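Below is one structure, written out as structure tokens; the observations come after it.
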Amino acid sequence: MRIAWDQYPAAANFDELIAPGGMPRPGASALIDFLAALGPQELAARQKAAEVAIRAMGITFTVYHEEGGSIDRAWPLDIIPRVIALDEWRRIEAGLQQRAQALNMFIDDIYHDQRIIRDDVFPRMYLADSANFRPQCVGVDPPRGIWAHICGSDLVRGADGTMYVLEDNLRVPSGVSYMLENRQVVKRVFPEVFEAAGILPVDEYPMHLFDMLRALVPSHVEQPEIVVLTPGIYNSAYFEHAYLAHQMGCELVEGSDLAVGDDDYVHMRTIDGWQRVDVIYRRIDDLFLDPEAFRKDSALGVPGLMRAWRAGKVALANAPGAGVADDKLVYTFVPAMIRYYLDQDAILPNVPSYLCCDDRQREHVLANLDKLVVKPANESGGYGMLMGPRSSEDERRQFAELVRAHPRNYIAQPVISLSTTPTLVEGGLEPRHLDLRPFILSGSKVRVTMGGLTRVAMRKGSLVVNSSQGGGSKDTWIVDTSVENAIARS
Amino acid sequence: MLSRVADNLFWMARYLERIENLARLLDASASLMLDLPRRLSPGWQPLITITGNMSTYNELAADYSERAVVRFVVSERKNPSSMITSIAHAREIARTVRDILPREVWECINELYLYVDEHADDAAVKRTRYAFLGHVTACTQTLTGMFEGTFSEGDALSFITLGRNIERADMSSRIVDVRAATMLAAGNEDELLPFESVLWMSLLHSLSGYQMYRLRMRERVYGTGVVRFLLADEHFPRACVCCLRRVEEVLHRLPNSQPLLRRVARMRRAIHRTQFESLGQGQLHGFIDRLQLSLGRTNDELARIYFVARGAPPAVAPDQVA
Chain Y
80 MRIAWDQYPA AANFDELIAP GGMPRPGASA LIDFLAALGP QELAARQKAA
130 EVAIRAMGIT FTVYHEEGGS IDRAWPLDII PRVIALDEWR RIEAGLQQRA
180 QALNMFIDDI YHDQRIIRDD VFPRMYLADS ANFRPQCVGV DPPRGIWAHI
230 CGSDLVRGAD GTMYVLEDNL RVPSGVSYML ENRQVVKRVF PEVFEAAGIL
280 PVDEYPMHLF DMLRALVPSH VEQPEIVVLT PGIYNSAYFE HAYLAHQMGC
330 ELVEGSDLAV GDDDYVHMRT IDGWQRVDVI YRRIDDLFLD PEAFRKDSAL
380 GVPGLMRAWR AGKVALANAP GAGVADDKLV YTFVPAMIRY YLDQDAILPN
430 VPSYLCCDDR QREHVLANLD KLVVKPANES GGYGMLMGPR SSEDERRQFA
480 ELVRAHPRNY IAQPVISLST TPTLVEGGLE PRHLDLRPFI LSGSKVRVTM
530 GGLTRVAMRK GSLVVNSSQG GGSKDTWIVD TSVENAIARS
Chain V
209 MLSRVADNLF WMARYLERIE NLARLLDASA SLMLDLPRRL SPGWQPLITI
259 TGNMSTYNEL AADYSERAVV RFVVSERKNP SSMITSIAHA REIARTVRDI
309 LPREVWECIN ELYLYVDEHA DDAAVKRTRY AFLGHVTACT QTLTGMFEGT
359 FSEGDALSFI TLGRNIERAD MSSRIVDVRA ATMLAAGNED ELLPFESVLW
409 MSLLHSLSGY QMYRLRMRER VYGTGVVRFL LADEHFPRAC VCCLRRVEEV
459 LHRLPNSQPL LRRVARMRRA IHRTQFESLG QGQLHGFIDR LQLSLGRTND
509 ELARIYFVAR GAPPAVAPDQ VA
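Spelled out as structure tokens, the structure:
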């Protein structure tokens, strides 16, 4: 039996693979034909093979509050890839580069002259209330004025096909290792398609990451010591920390491995004594980085690390304080930043947002709670949100109180009916909602991953894609359609 | 190399070696039970004596039945040296040093954990036990091969080799101690009864040493011969002296190893000087006791020199000193 694409439910949403009328989208035809020829049983067998591979490769993510000794779960991957044509991707890539550039200029400005505030583009009061503004960072000059070296921006596509930026993760964004591993697994599962379609490789990321980190040290320093700083194996992203350290050939260190000397240099404890560290790719949140500067109870950090960083004796990526731009309220100003710093229009639009700290906008939000999504300004991972259309009256009342009490802490957005893509579920292929997290590296060049991590809500109708809340993932294919067209012509 | 990583690699190797030793020990014990008349059988208790944790065992089990002992040694998570605890520890550690392990090593350890976890019941059943233990041994041997075959010579391999050989020396001496207590107590080995020879052969089998013994000693299997072979042979990889020699070789490559080298050399000399033929069972036990103590001290000294913090970080950066 073959997969009958005409049976695939034509959704009200934008579907990433199937255009209205049942035709494949640009870049997807090789995949669609291949899947149709496979049939459901063979597809199920390949999904099984992928799961076996994931288990054997030990690709895991950690879930909090799991019982017993097993603290991690196999990474959930749906084998049906998500496809974006290269032409469209180039535009998205340019939009992300533009965005990362403006965000870095904003952070640097905020910790120096605050021109953007003085010129009345960004209101001072929003900064005063920001949970992620770090007074300890004022006046510091990180190399090249770059603060957010690694940025993960979440993209969603609306019903009309517009790709929106939903949020920018500038603190310690995670997920890139799964993007890389998903590709490894899907290459094993669908080798036939990789031969035919022009799928662009994603594997260069660890090399680019290393180059970017290397460039944070003056070039005359030979063989600088670059390390990845992890909170340890109980962190949900530990797999990724180890993975990236491995791929880059760097030491994976914990806070207890490091110490700051009286010379303000950072050293790591080795079997042959102390050794100097030049660059730290830190995967620990600001507030836990240095008990001397931030939370005194942090056992994860390194006492004196901020002192070393401020003295320019060690480079930190991302720089402390970069999170000031990782705030849903600041997010709403990104298009304005792009205009202000780069004198350009934003290539990628934001999702329209209402600021609850603005009186008029707040009233609108409160009057339309049943139609909007209300989000806390400083949370990530999809926690603490109100999904208006699916909320109970009680929940809406609670949120109305929260919004009135802490208007600075909330923004609201219309519900975007996220695009869908065929996903393997019991009984065949059905549309499921998804998003996309590309990663942007900012160094001497701004580079974007080829695609990114596609996250998919496995439950029918659900819009929640977070792996901590039952979301799955997909391999993301950026397809060079000139290859497709050449095959079609031949 | 980071002190914490060296520490982790050392213990990962110890745990992996322990799993293999447990598998061998179980296998040899099980096959011995099949060979002996019931009245002469040493029973399953020695297995608990060898692997330690007698008090934990007594809390959990009422007798030394085959089922209870095998369960305790293989799948009891409350037993700190059971097979499942050891592989779980090795896997947790491997996770923390995953960035420096070749990928196949991690995959192999992960698979071994899943296998032991899922198939532990096979060990309790006579019919499936052999296959289970064989698979575990094959996996650990594969890992040893991977360490030798895919790791560049360097600090990582050094600490793995140290861990493996210290654990091996420890386990070999424990096995000799407990088995010899059962057998030498009987007295004069000139009058070895046929089944006593079987007992000594089982001891060799548990360390995969039977063929090597025959090739090396070129004489029949007898008590002190076996004890000498397993403690003092320079070339059999599971003999204490051979393990110590390998420890020494590694220490020569590591910084600050002088005190450790002296200690290990003393242990080797002590074993070589011992006239095993003239030792009574009590004296042998005393000797092995001191040997184990010394191995423990070696372990502690390793930790002191390489794993634990030493002093404050430098006040002046190293490159400024030079």
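For the record, the sequence lines run as chains Y and V.
Counting in this note's numbering, the first sequence runs from 80 upward without gaps.
Counting in this note's numbering, the second sequence runs from 209 upward without gaps.
Beta carbons are placed, not taken as given, at the ideal position from N, Cα and C, and that holds for glycine.
Since the structure is predicted, the reported quantities are computational estimates derived from the model, not experimental observations.
query: Any idea what DSSP makes of residue 396 (chain V), helix, strand or coil?
result: Residue placement at residue 396 (chain V) is poorly supported in this model, since its pLDDT is 45, which falls under 50; the coordinates still yield a value, given next. Residue 396 (chain V): coil per DSSP, three-state reduction.
query: According to the Cβ coordinates, are residue 523 (chain Y) and residue 173 (chain Y) closer than 8 Å?
result: In this structure, the beta-carbon distance from residue 523 (chain Y) to residue 173 (chain Y) does not fall below 8 Å.
Cutoff 7 Å; reference residue 465 (chain V); Cβ partners in own chain excluding five residues on either side: 459
- request: Please report the Cβ distance between residue 222 (chain V) and residue 375 (chain V), rounded to the nearest whole angstrom; I am assuming they are in contact, meaning their Cβ atoms lie under 8 Å.
  value: 4 Å
field: C-beta neighbour in chain Y for residue 252 (chain V), strict 8 Å
entry: No - not a single Cβ of chain Y is within 8 Å of the one on residue 252 (chain V).
field: Spatial neighbours of residue 383 (chain Y) in its chain, beta-carbon cut-off 7 Å, leaving aside the 5 residues before and after
entry: 339, 369, 371
CB contact check: residue 466 (chain Y) to chain V, cutoff 8 Å: Using a CB distance cut-off of 8 Å, residue 466 (chain Y) does not count as an interface residue toward chain V.
message: Check for me: the alpha helix (DSSP H) holding residue 270 (chain Y) runs from which residue to which?
response: 270-275
query: To which residues of the same chain is residue 409 (chain V) closer than 8 Å at the C-beta, ignoring the five residues directly before and after it?
result: 418, 429
- prompt: For the stretch 340-356 of chain Y, which residues have a beta carbon sitting closer than 8 Å to at least one beta carbon of chain V?
  reply: 340, 341, 342, 344, 346, 347, 348, 349, 350, 351, 352, 353, 354, 355
query: When you check each C-beta in the stretch 313-331 of chain V against every C-beta of chain Y, which residues fall closer than 8 Å?
result: 314, 315, 318, 319, 322
Close-in-space but distant-in-sequence residues of the same chain around residue 503 (chain V) (CB under 7 Å, 5 per side omitted): 374, 377, 378
task: Please go through the same chain and pick out, in chain order, the residues whose beta-carbon is closer than 7 Å to the beta-carbon of residue 388 (chain Y), but skip the five residues on each side of it.
output: 395, 399
query: In the DSSP assignment, what residue or residues form a beta bridge with residue 386 (chain V)?
result: DSSP links residue 386 (chain V) through a beta bridge to no other residue.
- request: Could you tell me the distance, in whole angstroms, from the CA atom of residue 147 (chain Y) to the CA atom of residue 224 (chain Y)?
  value: Low confidence applies here, because residue 147 (chain Y) scores a pLDDT of 44, under 50, leaving its location unreliable and the question unanswered by this model.
field: Among Y:88, Y:520, Y:391, Y:445, nearest to residue 222 (chain Y) - alpha-carbon criterion
entry: Y:391
- request: Go through its chain and collect everything with a Cβ distance to residue 510 (chain Y)'s Cβ below 8 Å, but skip five positions before and after it.
  value: 87, 88, 90, 92, 94, 499, 500, 501, 502
message: Counting beta carbon pairs with one atom in the stretch 317-326 of chain Y and one in the stretch 227-247 of chain Y, are three or more of them shorter than 8 Å?
response: no
query: Given that residue 331 (chain Y) touches chain V, what residues does it touch there, using C-beta distances under 7 Å?
result: 307, listed in chain order.
- prompt: In this structure, does DSSP put residue 467 (chain V) in helix, strand or coil?
  reply: helix
- prompt: Given that residue 324 (chain Y) touches chain V, what residues does it touch there, using C-beta distances under 7 Å?
  reply: 307
Own chain residues within Cβ distance below 6 Å of residue 283 (chain V), not counting five before or after: Closer than 6 Å at Cβ, skipping near neighbours: 292, 328.
- prompt: At what residue ranges does the stretch 111-196 of chain Y contain a whole run of the alpha helix (DSSP H), taking only runs of 4 or more?
  reply: Entirely contained in the stretch 111-196 of chain Y, the alpha helix (DSSP H) runs reaching 4 residues are, in chain order, 119-136, 165-189.
- request: List the residues of chain Y whose Cβ lies closer than 7 Å to the Cβ of residue 363 (chain V), in chain order.
  value: 350
task: With distances taken Cα to Cα, identify the nearest neighbour of residue 462 (chain V) among Y:351, Y:423, Y:239, Y:551.
output: The option with the nearest alpha carbon to residue 462 (chain V) is Y:351.
8 Å Cβ shell around residue 395 (chain V) - same chain, five flanking residues per side excluded: Any reading at residue 395 (chain V) needs caution, since the residue's pLDDT is 49, under 50, leaving its predicted position unreliable; the model's value is listed next. No residues qualify anywhere along the chain.
query: In chain order, which beta strand (DSSP E) runs of at least 3 residues are fully inside the stretch 446-509 of chain Y?
result: Positions of the beta strand (DSSP E) runs, each at least 3 residues long and wholly inside the stretch 446-509 of chain Y, are given as 451-455, 489-493, 499-504 in order along the chain.
- prompt: How long is the line joining the alpha carbons of residue 272 (chain Y) and residue 457 (chain Y), rounded to whole angstroms?
  reply: 41 Å
message: Tell me the residue span of the beta strand (DSSP E) that contains residue 553 (chain Y).
response: 550-558
query: Who are residue 512 (chain Y)'s beta bridge partners in DSSP?
result: Y:499
field: Cβ-based burial, residue 333 (chain V) [other Cβ within 10 Å; buried from 16]
entry: exposed
message: In the DSSP assignment, the beta strand (DSSP E) including residue 324 (chain Y) goes from what residue to what residue?
response: Segment 317-327 is the alpha helix (DSSP H) holding residue 324 (chain Y); no beta strand (DSSP E) there.
field: Min CB distance residue 380 (chain Y) to chain V below 8 Å
entry: no
- prompt: Under 7 Å Cβ-Cβ, which residues of chain Y neighbour residue 210 (chain V)?
  reply: 330, 332, 336, 347, 348, 349
- prompt: chain V partners of residue 136 (chain Y), CB-CB under 9 Å?
  reply: 311, 314, 315, 318
According to DSSP, residues forming a beta bridge with residue 352 (chain Y): Y:349
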